[in-house]
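Take a look at the structure below.
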Amino acid sequence: EAAVTQSPRSKVAVTGGKVTLSCHQTNNHDYMYWYRQDTGHGLRLIHYSYVADSTEKGDIPDGYKASRPSQENFSLILELASLSQTAVYFCASSDAGGDEQYFGPGTRLTVL
Amino acid sequence: GDSVTQKEGLVTLTEGLPVMLNCTYQTIYSNAFLFWYVHYLNESPRLLLKSSTDNKRTEHQGFHATLHKSSSSFHLQKSSAQLSDSALYYCALLQGTGSKLSFGKGAKLTVSP
Chain W
2 EAAVTQSPRS
12 KVAVTGGKVT
22 LSCHQTNNHD
32 YMYWYRQDTG
42 HGLRLIHYSY
52 VADSTEKGDI
62 PDGYKASRPS
72 QENFSLILEL
82 ASLSQTAVYF
92 CASSDAGGDE
102 QYFGPGTRLT
112 VL
Chain Z
12 GDSVTQKEGL
22 VTLTEGLPVM
32 LNCTYQTIYS
42 NAFLFWYVHY
52 LNESPRLLLK
62 SSTDNKRTEH
72 QGFHATLHKS
82 SSSFHLQKSS
92 AQLSDSALYY
102 CALLQGTGSK
112 LSFGKGAKLT
122 VSP
């Protein structure tokens, strides 16, 4: 049974619209992460969280917000989607040591 | 800050030839912890190898890598490429503070018959 799940798996959004990507983990991990994957850029960290009700900025947080309402759930919010946010988004979780991150299946977001 | 460099973006090999994907890193911390993640098409990225021990070879699924702190390198190698090795490979560095990873840009390996 998949330990990190993401929804939706794919989404088409319009420029200026609001998009929410959801992530759920059953690993009992404290840390959760949101990455975007782009060809030529690899995986870049957007936001992360190490405890419920708290989020931290990653390396490329501009244009994104995050929410961690519980240990199991972590959402990524694009308030005003832009063309440049077209990418594949991955959620991951890890324990406090961070020596292995477990990834979800990804969400392919297309902004038109 | 911490960073990882993977010079090869695209690597194309014939089956049976050796694989070497380069990874170098920069960090101000002496306790570098390096990883290789593999991302197969239509799957989730997953951990392939990890090491924090200087000059010790680590192996998994036919791949191996040795962390060399003197040269800040953690190259991924395999003696004989297989078609099933075609994937995207990421080198990553655990940042000195917290549990964040710095990923390289990735190397897309394509193995052909």
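Protein sequence lines correspond, in order, to chains W and Z. Under the working numbering, think of the first position of the first sequence as 2, with each following residue one higher. Under the working numbering, think of the first position of the second sequence as 12, with each following residue one higher. Heads up, the beta-carbon is just placed ideally off N, CA and C, and yes, glycines get one too. The structure displayed is predicted, hence computed values, not measured ones.
Thinking residue i and residue j are a contact (beta carbons under 8 Å), I'd like their distance in whole angstroms, please.
i, j, result
"Z:I39", "Z:G107", "7 Å"
"W:Y90", "W:Y36", "7 Å"
"W:T16", "W:L113", "7 Å"
"Z:Y51", "Z:A103", "Incorrect: roughly 17 Å between the Cβ atoms, too far for contact."
"Z:V122", "Z:L24", "5 Å"
"W:Q26", "W:A53", "Wrong, their Cβ atoms sit about 12 Å apart, outside the cutoff."
Let me make sure I understand the geometry here. Which of the options has the alpha-carbon closest to that of residue i?
i, options, result
"W:P9", "W:V15, W:V20, W:S55", "W:V20"
"W:I78", "W:A93, W:P62, W:Q72, W:L84", "W:P62"
"W:L22", "W:L44, W:A82, W:D100, W:D39", "W:A82"
"Z:S82", "Z:E19, Z:S41, Z:E26", "Z:S41"
"Z:G20", "W:G43, W:T6, W:Q7", "W:G43"
"Z:C34", "Z:L120, Z:L87, Z:L112, Z:K119", "Z:L87"
"W:S95", "W:K12, W:Y49, W:E80", "W:Y49"
"W:S11", "W:D100, W:A88, W:M33, W:E101", "W:A88"
"Z:L78", "Z:Q72, Z:E70, Z:S63", "Z:S63"
"Z:L105", "Z:D96, Z:F44, Z:K67", "Z:F44"
"W:D31", "W:E73, W:Q38, W:T40", "W:E73"
"Z:F114", "W:Y51, W:Q86, W:D39", "W:D39"
"W:C24", "W:G18, W:A93, W:G99, W:E57", "W:A93"
"W:D60", "W:E101, W:Y34, W:G99, W:D100", "W:Y34"
Straight-line CA distance for residue i to residue j?
i, j, result
"Z:K61", "W:G64", "33 Å"
"W:K66", "W:T108", "16 Å"
"Z:T69", "Z:W47", "11 Å"
"Z:G27", "Z:S91", "4 Å"
"Z:G109", "Z:S55", "23 Å"
"Z:Q72", "Z:L59", "8 Å"
"W:G105", "W:R45", "15 Å"
"W:G41", "Z:V22", "13 Å"
"Z:S95", "Z:V49", "12 Å"
"Z:K89", "Z:L112", "24 Å"
"Z:K80", "Z:D13", "14 Å"
"Z:N53", "Z:Q37", "31 Å"
Using 10 angstroms around the beta-carbon of residue i, count the other beta-carbons present and answer buried if the total reaches 16, otherwise exposed.
i, result
"Z:P29", "exposed"
"W:P70", "exposed"
"W:A97", "exposed"
"Z:D65", "exposed"
"W:Q7", "buried"
"Z:K18", "exposed"
"W:V13", "exposed"
"W:S76", "buried"
Can you tell me where the beta strand (DSSP E) with residue i in it begins and where it stops?
i, result
"Z:L94", "Counting along the chain, Z:L94 falls outside any beta strand (DSSP E), and DSSP gives it neither H nor E."
"W:G43", "43-52"
"W:D39", "32-39"
"W:N74", "74-79"
"Z:A76", "74-77"
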